[in-house]
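Read in order, the letters of the sequence shown correspond to residues 0 to 339 in numbering that gives the first Met the number 0. We put the CB at the ideal spot given by N, CA and C, even for glycine. Predicted, not measured: the structure shown is a model, and the values here were computed from it.
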Amino acid sequence: MQQTRTFSDKLFLVLKGLAMGAANKVPGVSGGVVAFVAGFYEEFIHSLQRINYRSFQFLIKGKFKEFYHYINGKFLGLLVLGMVISYFSVSKILDYLIVHYELYVWSTFFGMILGSIYYIAKDFNLRSSKNLLFILVGMLAGIGISLLEPATENDNLWFVFICGIIGVSGMTLPGLSGSFILILIGNYVLLLVDSVNALFDTLTDLMKLDFSFTNNQERVRLLQVLTSFTAGSVVGLVTLSHVLGYVLNHYKNITYAIIIGFITGSLGVVWPWKEKIFKTNYSGKFLTDANGNRILDNYDRYLPSLTDSQTYIAFIFIVVGVIVVIGLERYGRISKEKQT
(Lines of atoms letter the chains of each structure in order from A and count residues from 1; the text may use other names and numbers.)
(Lines give C-alpha, C1' and ligand atoms only; values in the text may rest on other atoms or scores of the structure.)
Protein backbone atom coordinates (compact mmCIF):
# COMPACT_ATOMS: atom_id res chain seq x y z
CA MET A 1 0.00 0.00 0.00
CA GLN A 2 2.78 2.40 0.89
CA GLN A 3 4.03 4.36 -2.11
CA THR A 4 7.19 6.38 -2.56
CA ARG A 5 6.22 9.99 -3.24
CA THR A 6 8.34 12.92 -4.31
CA PHE A 7 7.90 16.39 -2.81
CA SER A 8 5.78 17.44 -5.80
CA ASP A 9 3.59 14.34 -5.34
CA LYS A 10 3.04 15.27 -1.69
CA LEU A 11 2.22 18.85 -2.64
CA PHE A 12 -0.27 17.71 -5.26
CA LEU A 13 -1.80 15.31 -2.73
CA VAL A 14 -2.49 18.25 -0.41
CA LEU A 15 -4.01 20.11 -3.36
CA LYS A 16 -6.18 17.08 -4.17
CA GLY A 17 -7.37 17.04 -0.57
CA LEU A 18 -8.11 20.74 -0.93
CA ALA A 19 -10.13 19.99 -4.08
CA MET A 20 -12.01 17.19 -2.32
CA GLY A 21 -12.90 19.47 0.58
CA ALA A 22 -14.09 22.23 -1.73
CA ALA A 23 -16.11 19.80 -3.86
CA ASN A 24 -17.80 18.30 -0.81
CA LYS A 25 -19.08 21.71 0.26
CA VAL A 26 -20.77 22.44 -3.09
CA PRO A 27 -24.27 20.90 -3.32
CA GLY A 28 -24.38 18.43 -6.21
CA VAL A 29 -20.61 17.86 -6.37
CA SER A 30 -18.90 14.83 -4.86
CA GLY A 31 -15.39 14.82 -3.41
CA GLY A 32 -15.28 11.13 -4.27
CA VAL A 33 -15.34 12.09 -7.94
CA VAL A 34 -12.14 14.09 -7.41
CA ALA A 35 -10.50 11.06 -5.80
CA PHE A 36 -11.77 8.79 -8.58
CA VAL A 37 -10.59 10.97 -11.45
CA ALA A 38 -7.29 11.94 -9.85
CA GLY A 39 -6.41 8.25 -9.55
CA PHE A 40 -6.24 7.75 -5.78
CA TYR A 41 -9.78 6.57 -4.98
CA GLU A 42 -8.91 2.92 -4.31
CA GLU A 43 -5.85 3.84 -2.23
CA PHE A 44 -8.07 6.23 -0.25
CA ILE A 45 -10.68 3.53 0.44
CA HIS A 46 -8.13 0.82 1.28
CA SER A 47 -6.21 3.20 3.58
CA LEU A 48 -9.39 3.98 5.50
CA GLN A 49 -10.04 0.25 5.71
CA ARG A 50 -6.83 -0.08 7.71
CA ILE A 51 -8.43 1.87 10.57
CA ASN A 52 -9.60 -1.34 12.22
CA TYR A 53 -9.14 -3.53 15.29
CA ARG A 54 -5.49 -4.23 14.49
CA SER A 55 -4.64 -0.52 14.10
CA PHE A 56 -6.29 0.22 17.46
CA GLN A 57 -4.16 -2.51 19.02
CA PHE A 58 -1.07 -0.62 17.82
CA LEU A 59 -2.42 2.53 19.49
CA ILE A 60 -3.25 0.80 22.78
CA LYS A 61 0.25 -0.73 22.92
CA GLY A 62 1.84 2.65 22.18
CA LYS A 63 3.22 1.51 18.81
CA PHE A 64 2.50 4.82 17.11
CA LYS A 65 5.03 4.36 14.29
CA GLU A 66 3.54 0.99 13.38
CA PHE A 67 0.04 2.50 13.52
CA TYR A 68 1.12 5.36 11.23
CA HIS A 69 2.61 3.03 8.62
CA TYR A 70 -0.21 0.48 8.88
CA ILE A 71 -2.95 3.01 8.03
CA ASN A 72 -0.85 4.69 5.29
CA GLY A 73 -0.64 7.73 7.55
CA LYS A 74 1.43 9.91 5.24
CA PHE A 75 -1.14 9.59 2.46
CA LEU A 76 -4.18 10.15 4.71
CA GLY A 77 -2.46 12.93 6.65
CA LEU A 78 -1.61 14.98 3.55
CA LEU A 79 -5.09 14.45 2.14
CA VAL A 80 -6.81 15.48 5.38
CA LEU A 81 -4.49 18.50 5.65
CA GLY A 82 -5.71 19.66 2.24
CA MET A 83 -9.35 19.16 3.28
CA VAL A 84 -8.89 21.15 6.49
CA ILE A 85 -7.18 23.99 4.62
CA SER A 86 -10.02 23.93 2.11
CA TYR A 87 -12.73 24.47 4.69
CA PHE A 88 -11.09 27.70 5.85
CA SER A 89 -9.91 29.00 2.49
CA VAL A 90 -11.23 27.64 -0.81
CA SER A 91 -14.69 26.93 0.61
CA LYS A 92 -14.89 30.55 1.78
CA ILE A 93 -13.97 31.72 -1.71
CA LEU A 94 -16.57 29.35 -3.19
CA ASP A 95 -19.22 30.84 -0.90
CA TYR A 96 -18.39 34.27 -2.35
CA LEU A 97 -18.28 33.07 -5.96
CA ILE A 98 -21.60 31.21 -5.69
CA VAL A 99 -23.25 34.39 -4.40
CA HIS A 100 -21.78 36.68 -7.09
CA TYR A 101 -21.04 34.35 -10.04
CA GLU A 102 -23.40 31.44 -9.44
CA LEU A 103 -24.00 30.57 -13.10
CA TYR A 104 -20.28 30.28 -13.86
CA VAL A 105 -19.52 28.23 -10.73
CA TRP A 106 -22.28 25.73 -11.55
CA SER A 107 -21.12 25.64 -15.19
CA THR A 108 -17.58 24.75 -14.12
CA PHE A 109 -18.77 21.94 -11.88
CA PHE A 110 -21.17 20.73 -14.56
CA GLY A 111 -18.20 20.48 -16.93
CA MET A 112 -16.16 18.66 -14.29
CA ILE A 113 -18.89 16.06 -13.84
CA LEU A 114 -19.20 15.64 -17.62
CA GLY A 115 -15.44 15.09 -17.79
CA SER A 116 -15.66 12.62 -14.90
CA ILE A 117 -18.32 10.57 -16.69
CA TYR A 118 -16.13 10.43 -19.80
CA TYR A 119 -13.06 9.47 -17.76
CA ILE A 120 -14.77 6.62 -15.89
CA ALA A 121 -16.73 5.31 -18.89
CA LYS A 122 -14.03 5.48 -21.59
CA ASP A 123 -12.43 2.15 -20.63
CA PHE A 124 -15.62 0.54 -19.35
CA ASN A 125 -17.52 -2.17 -21.23
CA LEU A 126 -20.72 -0.30 -22.10
CA ARG A 127 -21.91 -3.08 -24.42
CA SER A 128 -22.54 -5.46 -21.54
CA SER A 129 -26.28 -5.66 -20.80
CA LYS A 130 -25.48 -6.36 -17.14
CA ASN A 131 -23.33 -3.22 -16.87
CA LEU A 132 -25.97 -1.14 -18.65
CA LEU A 133 -28.61 -2.40 -16.21
CA PHE A 134 -26.58 -1.27 -13.19
CA ILE A 135 -25.78 2.06 -14.89
CA LEU A 136 -29.53 2.57 -15.26
CA VAL A 137 -30.04 1.68 -11.57
CA GLY A 138 -27.41 4.27 -10.60
CA MET A 139 -29.00 6.91 -12.85
CA LEU A 140 -32.45 6.36 -11.39
CA ALA A 141 -31.06 6.59 -7.86
CA GLY A 142 -29.22 9.83 -8.69
CA ILE A 143 -32.27 11.39 -10.36
CA GLY A 144 -34.53 10.24 -7.52
CA ILE A 145 -32.36 11.89 -4.87
CA SER A 146 -32.19 15.14 -6.88
CA LEU A 147 -36.00 15.37 -6.91
CA LEU A 148 -36.50 15.01 -3.14
CA GLU A 149 -37.64 18.03 -1.13
CA PRO A 150 -35.50 19.41 1.74
CA ALA A 151 -36.58 18.95 5.36
CA THR A 152 -36.34 21.57 8.12
CA GLU A 153 -33.26 22.21 10.28
CA ASN A 154 -32.64 19.97 13.31
CA ASP A 155 -29.74 20.58 15.72
CA ASN A 156 -30.30 17.55 17.97
CA LEU A 157 -26.77 16.20 18.57
CA TRP A 158 -27.66 12.57 17.85
CA PHE A 159 -29.33 13.59 14.61
CA VAL A 160 -26.30 15.73 13.76
CA PHE A 161 -24.07 12.69 14.40
CA ILE A 162 -26.13 10.71 11.85
CA CYS A 163 -25.84 13.69 9.48
CA GLY A 164 -22.07 13.35 9.76
CA ILE A 165 -22.24 9.70 8.72
CA ILE A 166 -24.50 10.54 5.79
CA GLY A 167 -22.79 13.79 4.79
CA VAL A 168 -19.33 12.22 4.50
CA SER A 169 -20.70 9.80 1.90
CA GLY A 170 -19.67 12.26 -0.82
CA MET A 171 -16.02 11.51 -0.07
CA THR A 172 -16.40 7.77 -0.40
CA LEU A 173 -19.18 7.45 -2.99
CA PRO A 174 -18.39 9.21 -6.28
CA GLY A 175 -21.48 10.94 -7.62
CA LEU A 176 -23.28 11.18 -4.27
CA SER A 177 -23.06 14.76 -3.03
CA GLY A 178 -22.85 14.81 0.75
CA SER A 179 -23.64 18.53 0.86
CA PHE A 180 -26.75 18.05 -1.29
CA ILE A 181 -27.88 15.26 1.05
CA LEU A 182 -27.43 17.71 3.94
CA ILE A 183 -29.68 20.17 2.12
CA LEU A 184 -32.33 17.44 1.83
CA ILE A 185 -31.94 16.66 5.53
CA GLY A 186 -32.28 20.38 6.25
CA ASN A 187 -28.92 20.88 7.99
CA TYR A 188 -26.62 22.21 5.25
CA VAL A 189 -26.47 25.80 6.55
CA LEU A 190 -26.17 24.66 10.17
CA LEU A 191 -23.33 22.17 9.57
CA LEU A 192 -21.32 23.55 6.65
CA VAL A 193 -21.79 27.28 7.13
CA ASP A 194 -22.80 28.34 10.66
CA SER A 195 -20.80 25.76 12.64
CA VAL A 196 -17.68 26.13 10.46
CA ASN A 197 -17.86 29.92 10.81
CA ALA A 198 -18.25 29.47 14.58
CA LEU A 199 -15.07 27.37 14.69
CA PHE A 200 -13.21 29.94 12.59
CA ASP A 201 -14.32 32.76 14.92
CA THR A 202 -13.38 30.67 17.97
CA LEU A 203 -9.88 29.96 16.65
CA THR A 204 -9.46 33.67 15.94
CA ASP A 205 -10.52 34.48 19.53
CA LEU A 206 -8.13 31.88 20.96
CA MET A 207 -5.22 33.37 19.02
CA LYS A 208 -6.07 36.68 20.71
CA LEU A 209 -6.34 34.87 24.09
CA ASP A 210 -9.96 35.99 24.19
CA PHE A 211 -12.12 33.40 26.00
CA SER A 212 -15.31 35.45 26.17
CA PHE A 213 -16.92 33.11 23.59
CA THR A 214 -17.46 30.60 26.43
CA ASN A 215 -20.29 32.85 27.61
CA ASN A 216 -21.87 32.91 24.16
CA GLN A 217 -24.47 30.13 24.31
CA GLU A 218 -25.10 30.15 20.56
CA ARG A 219 -21.36 29.82 19.80
CA VAL A 220 -20.93 27.00 22.33
CA ARG A 221 -23.95 25.20 20.90
CA LEU A 222 -22.59 25.47 17.35
CA LEU A 223 -19.23 24.08 18.52
CA GLN A 224 -21.05 21.14 20.13
CA VAL A 225 -22.92 20.61 16.85
CA LEU A 226 -19.66 20.69 14.86
CA THR A 227 -18.03 18.21 17.27
CA SER A 228 -20.93 15.79 16.92
CA PHE A 229 -20.92 16.21 13.13
CA THR A 230 -17.16 15.60 12.95
CA ALA A 231 -17.45 12.46 15.09
CA GLY A 232 -20.20 11.16 12.82
CA SER A 233 -18.08 11.95 9.75
CA VAL A 234 -15.13 9.95 11.12
CA VAL A 235 -17.36 6.98 11.94
CA GLY A 236 -18.96 7.25 8.50
CA LEU A 237 -15.63 7.36 6.69
CA VAL A 238 -14.33 4.26 8.46
CA THR A 239 -17.52 2.17 8.23
CA LEU A 240 -18.31 3.09 4.61
CA SER A 241 -14.71 2.39 3.57
CA HIS A 242 -14.96 -1.16 4.90
CA VAL A 243 -18.16 -1.76 2.96
CA LEU A 244 -16.77 -0.18 -0.22
CA GLY A 245 -13.46 -2.01 0.11
CA TYR A 246 -15.31 -5.33 0.14
CA VAL A 247 -17.55 -4.28 -2.76
CA LEU A 248 -14.60 -3.09 -4.87
CA ASN A 249 -12.74 -6.35 -4.27
CA HIS A 250 -15.69 -8.61 -5.11
CA TYR A 251 -18.00 -6.61 -7.41
CA LYS A 252 -15.74 -4.06 -9.11
CA ASN A 253 -17.56 -3.90 -12.47
CA ILE A 254 -20.98 -3.57 -10.84
CA THR A 255 -19.65 -0.85 -8.52
CA TYR A 256 -18.16 1.10 -11.42
CA ALA A 257 -21.38 0.75 -13.42
CA ILE A 258 -23.47 2.13 -10.53
CA ILE A 259 -20.96 4.98 -10.03
CA ILE A 260 -21.19 5.93 -13.73
CA GLY A 261 -24.98 5.92 -13.54
CA PHE A 262 -25.06 7.81 -10.26
CA ILE A 263 -22.76 10.57 -11.51
CA THR A 264 -24.85 10.85 -14.69
CA GLY A 265 -28.04 11.05 -12.65
CA SER A 266 -26.54 13.80 -10.48
CA LEU A 267 -26.09 16.14 -13.48
CA GLY A 268 -29.54 17.55 -12.82
CA VAL A 269 -28.44 18.78 -9.39
CA VAL A 270 -25.60 20.87 -10.85
CA TRP A 271 -27.48 22.04 -13.97
CA PRO A 272 -26.19 25.63 -14.24
CA TRP A 273 -29.41 27.31 -15.34
CA LYS A 274 -31.65 27.24 -12.27
CA GLU A 275 -33.20 29.42 -9.63
CA LYS A 276 -33.63 28.67 -5.94
CA ILE A 277 -37.16 28.11 -4.67
CA PHE A 278 -37.59 28.86 -0.97
CA LYS A 279 -40.27 27.43 1.30
CA THR A 280 -43.23 29.67 2.09
CA ASN A 281 -46.22 29.42 4.41
CA TYR A 282 -49.89 29.52 3.41
CA SER A 283 -49.77 33.33 3.06
CA GLY A 284 -46.69 33.31 0.82
CA LYS A 285 -44.23 34.51 3.48
CA PHE A 286 -40.74 32.98 3.31
CA LEU A 287 -39.96 30.46 6.05
CA THR A 288 -36.61 30.86 7.83
CA ASP A 289 -34.46 28.74 10.13
CA ALA A 290 -33.29 29.68 13.64
CA ASN A 291 -30.61 31.98 12.18
CA GLY A 292 -32.96 33.84 9.84
CA ASN A 293 -31.81 32.03 6.68
CA ARG A 294 -34.49 31.22 4.11
CA ILE A 295 -35.18 27.49 3.86
CA LEU A 296 -34.44 26.03 0.43
CA ASP A 297 -37.31 24.03 -1.05
CA ASN A 298 -35.92 23.05 -4.46
CA TYR A 299 -34.58 24.41 -7.74
CA ASP A 300 -36.48 25.68 -10.76
CA ARG A 301 -34.41 24.55 -13.75
CA TYR A 302 -34.74 26.13 -17.19
CA LEU A 303 -33.06 26.04 -20.62
CA PRO A 304 -30.38 28.65 -21.38
CA SER A 305 -31.17 31.57 -23.65
CA LEU A 306 -29.00 31.63 -26.77
CA THR A 307 -29.47 35.40 -27.04
CA ASP A 308 -27.85 35.99 -23.64
CA SER A 309 -24.07 36.58 -23.71
CA GLN A 310 -23.78 34.99 -20.24
CA THR A 311 -24.86 31.70 -21.77
CA TYR A 312 -21.78 31.56 -24.00
CA ILE A 313 -19.51 32.51 -21.11
CA ALA A 314 -21.11 29.67 -19.14
CA PHE A 315 -20.35 27.27 -22.01
CA ILE A 316 -16.71 28.34 -21.80
CA PHE A 317 -16.65 27.50 -18.08
CA ILE A 318 -18.19 24.10 -18.84
CA VAL A 319 -15.28 23.43 -21.20
CA VAL A 320 -12.86 24.65 -18.50
CA GLY A 321 -14.41 22.13 -16.07
CA VAL A 322 -13.91 19.30 -18.56
CA ILE A 323 -10.28 20.36 -19.13
CA VAL A 324 -9.61 20.43 -15.37
CA VAL A 325 -10.80 16.83 -15.01
CA ILE A 326 -8.79 15.64 -18.02
CA GLY A 327 -5.73 17.38 -16.57
CA LEU A 328 -6.24 15.64 -13.21
CA GLU A 329 -6.65 12.30 -14.97
CA ARG A 330 -3.46 12.72 -16.98
CA TYR A 331 -1.50 13.77 -13.89
CA GLY A 332 -2.83 10.73 -12.01
CA ARG A 333 -1.82 8.43 -14.86
CA ILE A 334 1.68 9.93 -15.13
CA SER A 335 2.16 9.62 -11.35
CA LYS A 336 1.22 5.93 -11.48
CA GLU A 337 3.61 5.31 -14.38
CA LYS A 338 6.47 6.96 -12.43
CA GLN A 339 5.76 4.80 -9.37
CA THR A 340 5.80 1.61 -11.44
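Within the same chain, and ignoring the five residues on either side of R49 in sequence, the residues whose Cβ sits closer than 7 Å to its Cβ are Y69, I70 and N71. Counting along the chain, the unbroken beta strand (DSSP E) around E274 starts and ends at K273 to F277. Boundaries of the alpha helix (DSSP H) around R220: Q216 to H249. Rounded to whole angstroms, the gap between the alpha carbons of L75 and F43 is 7 Å. At the C-beta level, N155 and G185 stay beyond 8 Å of one another. Put simply, the backbone Cα of K9 is about 7 Å away from that of L77. Spanning the alpha carbons of F228 and L181 requires a straight line of approximately 11 Å. A direct Cα-Cα distance of roughly 38 Å separates A230 from K129. Contact between the stretch 90–98 and the stretch 17–26 is present, with at least three C-beta pairs closer than 8 Å. Here DSSP, grouped into helix, strand and coil, assigns D299 to strand.
Taking every protein chain shown into account, the CB of D193 has 16 or more other CB atoms within 10 angstroms, so this residue is buried. Taken through DSSP and simplified to helix, strand or coil, F39 comes out as coil. DSSP places F314 in the helix class (H, G or I) of the three-state scheme. Per DSSP, the unbroken alpha helix (DSSP H) holding I184 starts and ends at G177 to I184. In the structure shown, the three-state DSSP call for F160 is helix. For the pair G163 and G235, the CB atoms are nearer than the 8 Å cut-off. Under a 10 Å Cβ-count criterion, L113 is classified as buried, with 16 or more other Cβ atoms of the shown protein chains found around its own Cβ.
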